[in-house]
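S.K.: Dumping the structure here so I can ask a few things about it.
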Amino acid sequence: MTVRNLFLLPGDGIGPEAMGEVRKIIAYMNTAKNAGFVTDEGLVGGSAYDAHGASISEADMAKAMAADAVLFGAVGGPKWDAVPYDVRPEAGLLRLRKDMQLFANLRPAICYPALSAASSLKPELVEGLDILIVRELTGGVYFGEPKEIIDLGNGQKRGIDTQVYDTYEIERIAGVAFELARTRGNRVCSMEKRNVMKSGVLWNQVVTETHKAKYSDVQLEHMLADAGGMQLVRQPKQFDVIVTDNLFGDMLSDVAAMLTGSLGMLPSASLGAPDAKTGKRKALYEPVHGSAPDIAGRGIANPIAMIASFAMCMRYSFNMVEEADALEKAIANVLDSGIRTSDIMSEGSRAVGTSEMGDAILAAFKTLSA
Ligand code: NAD
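Plus 4 on top of the position in the sequence shown (first one is 1) and you've got the numbering used here.
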């Protein structure tokens, strides 16, 4: 039987509550579908600090590195606001991204028909929206050197960040975007600022060359990132896959997020390079939202982003495409039936808590995969 090793890091706040609902789905997959998921669990963020004085222990880091996929909840909260900077909760997530070399961040923006009225745009602009933003995650201006504030000695200071990309970084993120496009609508839109940035000129050239060399069956379009932001809110359904750098991707994926309604709905995946021997990519799946300390412990958090992150995990780490489709459809069906957590509540719907939402999605998933 195939063994699929999952390392669970529920984290803080609503992280463990949301992860509990994914555990139910994993248990069902194992007993009814012989899926062979083997789970282990560790601590990250504030809970790891309380136990080990670090945002993630070396033992848990080693388990994350060895797993087929990591499922991550959320970290942080007021309890740890004053801990030393190096061991703050977010440092655990940054360490995982860095050590696992997760250079590709995938943020889908899917608008479930039942929630189209929750978008800040007109329902007809977003209904049926299904776009995927592929953001470069380990390079660019957030990491480039020099990165400093220098004293100019005349009462002025200078803040410096450096936008820098090498060919291989652009090639590999473009490759991820083209490959994913082949599993979807077969279209990629690459966004940069080649009109004012040298790194944008190189980005454009390398994406074009990568396309020509290996992916000419995929439709490629280039757009300036500012125009891309405008098009995202003007006519978002024109896009299939968007590939862009770390800074533009940070902003454009947040814009796309709001097209779909609530933070509690948004999953994400971060992928590394394929292993030379096994072909497997290191991968971490997490909801976009944080630990929501304002509602933690009350059983009212929306578990959909966490459950949808698990659907991405099945799709991208285990090629369980049918199962992932069914789980995403189960979420849509439950929303269609009018069941809502409080963050996505609307008139005429029925308000439920975290575990009731998880149970409803599991029941719909069972029906679809029977
Ligand atoms: P947040 O995402 O935790 O919450 C923002 C708002 O959205 C809150 O009102 C919250 O109740 C609501 N919300 C978020 N997820 C929800 C869900 N699943 N169901 C229902 N409502 C939901 O962001 P924040 O308040 O800015 O940050 C809180 C803490 O989380 C901070 O310590 C922050 O550093 C941390 N954080 C962690 C991550 C992460 O772990 N990846 C991401 C963002 C923020």
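The beta carbon of each residue, even a glycine, is placed where N, CA and C say it ideally should be.
State yes or no: is the C-beta of Lys-290 nearer than 8 angstroms to some heavy atom of the ligand NAD?
M.R.: Sequence check: residue 290 is Glu here, not Lys. Glu-290 Cβ: within cutoff of the ligand NAD.
S.K.: Could you tell me the boundaries of the beta strand (DSSP E) in which Lys-151 lies?
M.R.: 148-155
S.K.: When you compare the CB positions of Gln-167 and Asp-249, do they come within less than 9 angstroms of one another, or not?
M.R.: yes
S.K.: Applying the criterion that 16 or more other CB atoms from any shown protein chain within 10 Å of the CB defines a buried residue, is Met-316 buried or exposed?
M.R.: buried
S.K.: Could you give the distance in angstroms between the alpha-carbon of Arg-27 and the alpha-carbon of Val-200?
M.R.: 48 angstroms
S.K.: Whose C-alpha, out of Thr-171, Asp-221 and Glu-183, is nearest the C-alpha of Lys-202?
M.R.: Thr-171
S.K.: Any chance the CB of Thr-264 is under 8 angstroms from a heavy atom of the ligand NAD?
M.R.: no
S.K.: What residue from Gly-96, Ala-178 and Gly-50 has the CA that sits closest to Ala-277's CA?
M.R.: Ala-178
S.K.: Just grab the DSSP bridge partners of His-226 for me.
M.R.: Ser-194
S.K.: For Lys-83 and Leu-106, I'd like the C-alpha separation in whole angstroms.
M.R.: 29 angstroms
S.K.: Assuming Val-130 and Gly-96 make a contact with CB atoms under 8 angstroms, what is their CB distance in whole Å?
M.R.: Actually they are not in contact, since the Cβ atoms of Val-130 and Gly-96 sit about 34 angstroms apart, beyond 8 angstroms.
S.K.: Using a 10 Å radius around the Cβ and a threshold of 16 neighbouring Cβ atoms, would you call Met-324 buried or exposed?
M.R.: The residue in question, Met-324, is buried, as its Cβ has 16 or more Cβ neighbours within 10 Å.
S.K.: Does the distance from the C-beta atom of Leu-141 to that of Ala-113 stay below 9 angstroms?
M.R.: It is not a contact, given that the beta carbons lie outside the stated cut-off.
S.K.: Please report the straight-line C-alpha distance between Gln-239 and Leu-224, rounded to a whole angstrom.
M.R.: 18 angstroms
S.K.: Taking 6 angstroms as the limit between beta carbons, can you name the residues of its chain near Asp-64, skipping five residues before and five after?
M.R.: Closer than 6 angstroms at Cβ, skipping near neighbours: Gly-46.
S.K.: If you measure between the beta carbons of Val-79 and Ser-346, is that distance less than 9 angstroms?
M.R.: It is not a contact, given that the beta carbons lie outside the stated cut-off.
S.K.: Within the same chain, show all residues whose beta-carbon is closer than 7 angstroms to that of Ile-18, passing over the 5 residues directly before and after it, in chain order.
M.R.: Ala-78, Ser-295, Ala-296, Ile-299, Ala-300 and Ala-305
S.K.: Could you work out which residue in Ala-367, Met-23 and Leu-110 is closest to Thr-43 when comparing CA atoms only?
M.R.: Looking at the Cα atoms, Met-23 is the closest of the given residues.
S.K.: Using C-beta distances below 8 angstroms, list every residue in its chain close to Ala-330, excluding the 5 sequence neighbours before and after it, in chain order.
M.R.: Phe-369, Leu-372 and Ser-373
S.K.: Is it the case that the CB of Leu-141 approaches a heavy atom of the ligand NAD more closely than 8 angstroms?
M.R.: no
S.K.: Could you check the C-alpha separation between Val-292 and Tyr-219 for me, to the nearest Å?
M.R.: 30 angstroms
S.K.: Would you say the beta carbon of Thr-138 is closer than 8 angstroms to some non-hydrogen atom of the ligand NAD?
M.R.: With the sequence shown as reference, residue 138 is identified as Val, and Thr is not the correct amino acid for it. Val-138: no, Cβ never under 8 angstroms from the ligand NAD.
S.K.: Can you find the residues in the same chain that come closer than 6 angstroms, C-beta to C-beta, to Gly-303, ignoring five residues on each side of it along the sequence?
M.R.: Gly-357 and Thr-358
S.K.: How would you label Arg-139, buried or exposed, when you count the other beta carbons within 10 angstroms and need 16 or more for buried?
M.R.: Looking at its Cβ environment, which holds 16 or more other Cβ atoms inside 10 Å, Arg-139 is buried.
S.K.: On the DSSP letters alone, give me the boundaries of the alpha helix (DSSP H) that Asp-103 sits inside.
M.R.: Its alpha helix (DSSP H) spans residues 93-103.
S.K.: With 16 other CB atoms within 10 Å as the buried threshold, where does Leu-4 fall?
M.R.: Any answer about residue 4 is impossible in this case: the structure gives the chain only from 5 up to 374.
S.K.: Does Ala-336 come out as helix, strand or coil in the three-state DSSP assignment?
M.R.: helix
S.K.: Relative to the C-alpha of Arg-285, which residue among Arg-186, Ala-70 and Phe-41 is closest?
M.R.: Ala-70
S.K.: Alpha carbons only, please: which of Asn-208, Arg-101, Asp-134 and Ala-58 is nearest the one belonging to Val-87?
M.R.: Ala-58
S.K.: How would you label Arg-354, buried or exposed, when you count the other beta carbons within 10 angstroms and need 16 or more for buried?
M.R.: Residue burial is scored here from C-beta neighbours: Arg-354 has fewer than 16 other C-beta atoms within 10 angstroms and is therefore classed as exposed.
S.K.: Only counting the same chain, and skipping five residues up and downstream in sequence, which positions put a Cβ closer than 6 angstroms to that of Val-211?
M.R.: Correct list, in chain order: Ala-178 and Ser-194.
S.K.: Between Asn-306 and the ligand NAD, is there a pair consisting of the residue's CB and a ligand heavy atom that are separated by less than 8 angstroms?
M.R.: Answer for Asn-306: yes, Cβ within range of the ligand NAD.
S.K.: For Tyr-116, which residues from the same chain have a beta carbon less than 6 angstroms from its beta carbon, with the 5 sequence-adjacent residues on both sides left out?
M.R.: Ala-336 and Leu-339
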